[in-house]
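Under the numbering used here, read the sequence shown as residues 9 to 294, first letter to last.
Every residue, glycine too, gets a C-beta built ideally from N, C-alpha and C.
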Amino acid sequence: MALSLKARIDAGETVFAPLALDALTARIAAHAGFGAVYVSGGALGYSHGVSEALLTLTELTDVARHITVHFPAQELAVIVDGGVGFGDAVHMARTIRETEATGAAAIEIEDQVAPKRVSHHRGIEHLVPADEMAAKVEFAAKARRSDDFLLIARTGAVRNESWDAAVRRANLYREAGADLLMLMPATEEQWASAAKEIDGPLATITSLDARSAAAWRELGWSVVVDPFTAQVLAVQAVQQAYSRFMAEGSTGVERDAVFATYRTIADLAGLGPLYAIEDATTEKSP
Numbered sequence: 009m010a011l012s013l014k015a016r017i018d019a020g021e022t023v024f025a026p027l028a029l030d031a032l033t034a035r036i037a038a039h040a041g042f043g044a045v046y047v048s049g050g051a052l053g054y055s056h057g058v059s060e061a062l063l064t065l066t067e068l069t070d071v072a073r074h075i076t077v078h079f080p081a082q083e084l085a086v087i088v089d090g091g092v093g094f095g096d097a098v099h100m101a102r103t104i105r106e107t108e109a110t111g112a113a114a115i116e117i118e119d120q121v122a123p124k125r126v127s128h129h130r131g132i133e134h135l136v137p138a139d140e141m142a143a144k145v146e147f148a149a150k151a152r153r154s155d156d157f158l159l160i161a162r163t164g165a166v167r168n169e170s171w172d173a174a175v176r177r178a179n180l181y182r183e184a185g186a187d188l189l190m191l192m193p194a195t196e197e198q199w200a201s202a203a204k205e206i207d208g209p210l211a212t213i214t215s216l217d218a219r220s221a222a223a224w225r226e227l228g229w230s231v232v233v234d235p236f237t238a239q240v241l242a243v244q245a246v247q248q249a250y251s252r253f254m255a256e257g258s259t260g261v262e263r264d265a266v267f268a269t270y271r272t273i274a275d276l277a278g279l280g281p282l283y284a285i286e287d288a289t290t291e292k293s294p
């Protein structure tokens, strides 16, 4: 029997969640064997031609809902990047309830200032005081209708303050009600010591190829999300094909390969079962 994200983490599993901004990509991930996907605010902002800082809660929850409608939570857990939670402590109830109602398995909230600033893309981050973030975590946790909806508290203190400050913040957020603590260590020593210094399951955000799956498990990290690889690969492929066509008159992609992939897309979109319904009804032979 498939387990919920919470049950898998409680059982000591390391969960890997690649980027998915639509149901098609989520199905690709599920067919490849992933049990979770990550709706990245940064990637979603780019796909809309803006910054994550300019996204609305509705835009974010719409993407989550478009994925969850096709998957039971135990089959594919959707982890939503909630950014700074779209406000302060008073805004958490709306953010949490709207996201939980999509059927997502978890939401990530980080300790940067609200509203989030565009300059975080270039490494300029401004953190709120630790106790202010802890209050947001507390009210976010209280707003949940089910403890199975996980709250991931992310801190940027490693880069902006110090490792010790990041550990203190993570433990404070855990005490406030966070289920997982997300941070990005800067050294191998920090990666190895995090599970010993932080009292709670750990999550991080990086490329899946940063380490082997076995290495992540050995380090004791519970959730590893990849917010960009899928988008980077797609952009690289499209840029190459379009640029080559305009320069040389051809994309360089074999026609048979294009149509083979197109048929795969139709299969991933679930057309087979829909054809079966029409064959039994509107397309049924007299």
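Non-local C-beta neighbours of Arg182 in its own chain, meaning closer than 7 Å and more than five positions away in sequence, comprise Leu189, Asp207 and Gly208, ordered along the chain. When the five nearest sequence neighbours on each side are left out, the beta carbons in the same chain lying within less than 6 Å of the beta carbon of Ala186 are those of Val145, Leu159 and Ala161, in order along the chain. Close CB contacts of Val98 within its chain, under the 8 Å cut and outside five residues either way in sequence, are with Phe147 (chain order). The secondary-structure analysis by DSSP pairs Glu118 across a beta bridge with Arg162. Taken in chain order, the unbroken stretches of alpha helix (DSSP H) that lie wholly in the region 29-107 and span 4 residues or more are 31-40, 49-55 and 65-76.
Taking C-beta atoms as the reference points, Val231 and Val92 fail to come closer than 8 Å.
Sequence-distant Cβ neighbours of Ala277 in its own chain, meaning closer than 7 Å and more than five residues away, are Leu32.
When beta bridges are read from the DSSP output, Thr212 appears opposite Val232. Taking every protein chain shown into account, the CB of Gln248 has fewer than 16 other CB atoms within 10 angstroms, so this residue is exposed. Proximity of the region 46-55 to the region 236-256 meets the contact definition, three or more beta-carbon pairs being nearer than 8 Å. By the criterion of a C-beta distance shorter than 7 Å, Ala151 is surrounded in its chain by Met100, Ala101, Ile104 and Arg105, once the five residues flanking it on both sides are discounted. Met141 sits buried, since 16 or more C-beta atoms from the chains shown fall within 10 Å of its C-beta.
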